[in-house]
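Step one of this worksheet: look at the structure below.
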Amino acid sequence: PQSYDKPKARRWDHLLSQESLSREPCVLKQAAKYLKKPGLISLGGGLPSASNFPIDSLSMRVPTPPHFAEAEVASTGQDVRIGKYDVRDGRNGGVYDLAIALNYGQSVGAAQLLRWVTEHTELVHGPPPYADWRCALTVGSTGALEQALRMLCDRARGDAVLTEEYTFSTALETAAPLGVRVFGVPTDGEGLRADGLDEVLATWDEKERGGARRPRVLYTVPSGQNPTGATQGAQRRRDIYEVCSRHDVFILEDEPYYFLQMQPYGGGGASNVVPPPETPEAFLRSLIPSLLSMDTDGRVLRMDSFSKVVVPGSRLGWITASEQVVERYIRHAEVASQGPSGISQVLLYKLVDEAWGHEGYLRWLMHLRLEYTRRRDAILAACERYLPRDLVSWVPPAAGMFLWLQVDHTQHPQASAKSILEIEDDIFASCIDKGVLAIRGSWFRAEQDVAPSGLFFRTTFAAASEDDMARAIERFGAAVRESFGR
Ligand code: PMP
Ligand code: PLP
Numbered sequence: 098p099q100s101y102d103k104p105k106a107r108r109w110d111h112l113l114s115q116e117s118l119s120r121e122p123c124v125l126k127q128a129a130k131y132l133k134k135p136g137l138i139s140l141g142g143g144l145p146s147a148s149n150f151p152i153d154s155l156s157m158r159v160p161t162p163p164h165f166a167e168a169e170v171a172s173t174g175q176d177v178r179i180g181k182y183d184v185r186d187g188r189n190g191g192v193y194d195l196a197i198a199l200n201y202g203q204s205v206g207a208a209q210l211l212r213w214v215t216e217h218t219e220l221v222h223g224p225p226p227y228a229d230w231r232c233a234l235t236v237g238s239t240g241a242l243e244q245a246l247r248m249l250c251d252r253a254r255g256d257a258v259l260t261e262e263y264t265f266s267t268a269l270e271t272a273a274p275l276g277v278r279v280f281g282v283p284t285d286g287e288g289l290r291a292d293g294l295d296e297v298l299a300t301w302d303e304k305e306r307g308g309a310r311r312p313r314v315l316y317t318v319p320s321g322q323n324p325t326g327a328t329q330g331a332q333r334r335r336d337i338y339e340v341c342s343r344h345d346v347f348i349l350e351d352e353p354y355y356f357l358q359m360q361p362y363g364g365g366g367a368s369n370v371v372p373p374p375e376t377p378e379a380f381l382r383s384l385i386p387s388l389l390s391m392d393t394d395g396r397v398l399r400m401d402s403f404s405k406v407v408v409p410g411s412r413l414g415w416i417t418a419s420e421q422v423v424e425r426y427i428r429h430a431e432v433a434s435q436g437p438s439g440i441s442q443v444l445l446y447k448l449v450d451e452a453w454g455h456e457g458y459l460r461w462l463m464h465l466r467l468e469y470t471r472r473r474d475a476i477l478a479a480c481e482r483y484l485p486r487d488l489v490s491w492v493p494p495a496a497g498m499f500l501w502l503q504v505d506h507t508q509h510p511q512a513s514a515k516s517i518l519e520i521e522d523d524i525f526a527s528c529i530d531k532g533v534l535a536i537r538g539s540w541f542r543a544e545q546d547v548a549p550s551g552l553f554f555r556t557t558f559a560a561a562s563e564d565d566m567a568r569a570i571e572r573f574g575a576a577v578r579e580s581f582g583r
């Protein structure tokens, strides 16, 4: 509502790919608008009758805020039941029962869940500072990124994308078959460098870059970046936005770890520097502002996902962007996934709206914040204890689930004879031999054809128990020492 007095987003016609520009609305989906007419009998859409749906009800037991611990669900949890024909509700715009959830729906998502994510987006981001912003549900950020790249990049135009020099490997695998080239931007402890981005854009030379046009799209993971675990601070985000605005670059803000921002690390495996936020308001204030919240132009397409904060198997997330961009996105979804599974949508909706509500959901995120803080502190304590500090270094992650370990390859006894990739290979093999899997840093290089300048491994503190994390880090330390002949 606050948005109506703001200017509309810029238009992005000059960016849209031929593929995206040529998408027409699904004529059958458009017919749905007539269903609102009172008394109308539909012989239209090929929607099966709910009477033939062999699922009569679903129920799930979920925690009641703030009793989120797994062990508490048996005693303090609540049962949520969804029937085929539920008459009550009406609270958020009509019944949302199985008869509706299990049938075909609009690709943008069910009205109820779409409203919930839109309200949540307003609560968290402000809302964005332009008038015509929208959300649309997605099948998760993997699929959302694929759709976004096809919408904004054209192989025939020689379009390219900029990203952190080490980036989410699946994003690289998404871009490659689309013929979209990816180029790395220098990073530091706070992730993508704004001055580096400015320089890359200002000095772009098509010939030097193998014929790639100056990129007009930035793909970035501002919080707990995969694989480096780096988090851009508020000023860094403002600087990046300013550079993108000046060079007219569109931003894909991929934020699966935004709500895994943790308590500041105090060293020695402890996070007691500041007390954790006690109220949802304090929690929201503790979050680093998003690029979306700074987006006066409507040049950000933000991707959120329930994967890391509820369940990855839901295959559910949402995008937030300008009306024009979201409309093009939906035109694609209509002919691809047709939006997320109705089963997923109704279960998530019943959880986050009916069982928890916005406040309960924020309290869940506050719970996760402390869970991840505890796990991160445990892996850092193990690193401090077991790793040779003169060979292995790291930046304590402020968000996400990854710890990026840099190994000083220059001290390797065969540093002049062996390449970084060969040393990486030795350490990786030795890790497996000793019983620990750490992911090779080279797998994440944005520019795979350029020789790496550093030696890195990605570890995660998301899943292993504290004891196992300590054992694993001890084994990693042993593998590094062995490779370096210590
Ligand atoms: N192909 C044909 C010929 C169809 O009639 C339909 C449904 N209208 C589909 C595909 C779409 O099927 P689905 O719901 O599995 O995406
Ligand atoms: N983006 C990044 C940066 C990720 O690390 C991941 C998960 O590993 C994803 C997207 C995938 O998210 P989703 O499960 O929503 O497809």
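In terms of the UniProt record's numbering, the sequence shown opens at residue 98 and continues consecutively. Note that beta-carbon positions come from the ideal geometry of N, C-alpha and C, so glycine has one too. Remember, it's a predicted structure, so these values are computed and weren't measured experimentally.
Excluding its 5 nearest sequence neighbours in each direction, V297 has C-beta neighbours in its own chain below 6 Å: V282, listed in chain order. With a threshold of 8 Å, the Cβ atom of G395 does not count as near the ligand PLP, since no heavy atom of the ligand is closer than that. Put simply, of E121, G136, L195, I570 the residue whose alpha carbon is nearest the alpha carbon of I152 is L195.
Per DSSP, E261 lies in no alpha helix (DSSP H) segment; the continuous beta strand (DSSP E) that holds it begins and ends at 257–261. In this structure, the alpha-carbon of V279 lies about 18 Å from that of V340. Counting only runs of at least 4 residues, the region 245–302 fully encloses the following alpha helix (DSSP H) elements, listed from N- to C-terminal order: 266–272, 291–299.
In the assembly as shown, Y338 is a buried residue. Its beta-carbon has 16 or more other beta-carbons within 10 Å. Residue side-chain check: G436 keeps its Cβ at 8 Å or more from all non-hydrogen atoms of the ligand PLP.
Here the C-alpha atom of H429 lies approximately 13 Å from the C-alpha atom of L234.
In this structure, L357 is the residue among L357, V504, L144, R212 with its C-alpha nearest to the C-alpha of V407. At least one heavy atom of the ligand PLP lies less than 8 Å from the C-beta of S238. Remark: the shortest separation between the CB of L275 and any heavy atom of the ligand PLP does not fall under 8 Å.
Taking 8 Å as the cut-off, the C-beta of V318 counts as close to a heavy atom of the ligand PLP.
Apart from the 5 residues on each side of it in sequence, E431 sits with its Cβ closer than 7 Å to the Cβ of C123, K126, S204 in its chain, given in chain order.
In this structure the region 528–535 does not lie against the region 361–368, because fewer than three pairs of beta carbons, one per stretch, are closer than 8 Å.
Here L144 has N200, Y201 as same chain residues with Cβ atoms under 7 Å from its own Cβ, once five neighbours each way along the sequence are excluded. Distance from the CA atom of H506 to the CA atom of G174, rounded to whole angstroms, is 51 Å.
Annotation: A559 to K405 spans about 10 Å, alpha carbon to alpha carbon.
Distance from the Cα of P373 is smallest, within the candidate group E243, R471, E544, for R471. The shortest C-alpha to C-alpha distance from G286 to any of S516, L502, E305, A129 is the one to L502. Going by DSSP, F573 is part of the alpha helix (DSSP H) stretching over 563–580.
Taking 8 Å as the cut-off, one finds at least one heavy atom of the ligand PLP near enough to the beta carbon of F265.
Nearest neighbour of R425 by Cα position, chosen from I138, R335, R247, G288, turns out to be R247. The region 439–450 makes no contact with the region 258–266, as fewer than three CB pairs between them are under 8 Å. Contact between the region 508–521 and the region 539–549 is present, with at least three C-beta pairs closer than 8 Å.
By the 16-neighbour rule on beta-carbons within 10 angstroms, Q209 is buried.
Burial is judged here by how many other beta carbons sit within 10 angstroms of a residue's own beta carbon; N323 has at least 16 and is buried. Each of V577, S419, M463 was checked against the Cα of V489, and the nearest Cα belongs to V577. Under DSSP, D176 takes part in a beta bridge, and its partners are R158. With respect to A418, V449 sits apart: the two C-beta atoms are not nearer than 9 Å.
Excluding the 5 residues flanking it on each side, F150 has same chain C-beta neighbours closer than 6 Å at L199, in chain order. Listed as beta-bridge partners of T557 by DSSP are F499. Collapsing the DSSP output to three states places D351 in a strand. Looking at the DSSP output, A367 bridges to G364. Between the alpha carbons of A291 and R335 lies a gap of roughly 9 Å.
The way I'd put it, the region 560–572 does touch the region 467–487; three or more beta-carbon pairs between them come closer than 8 Å.
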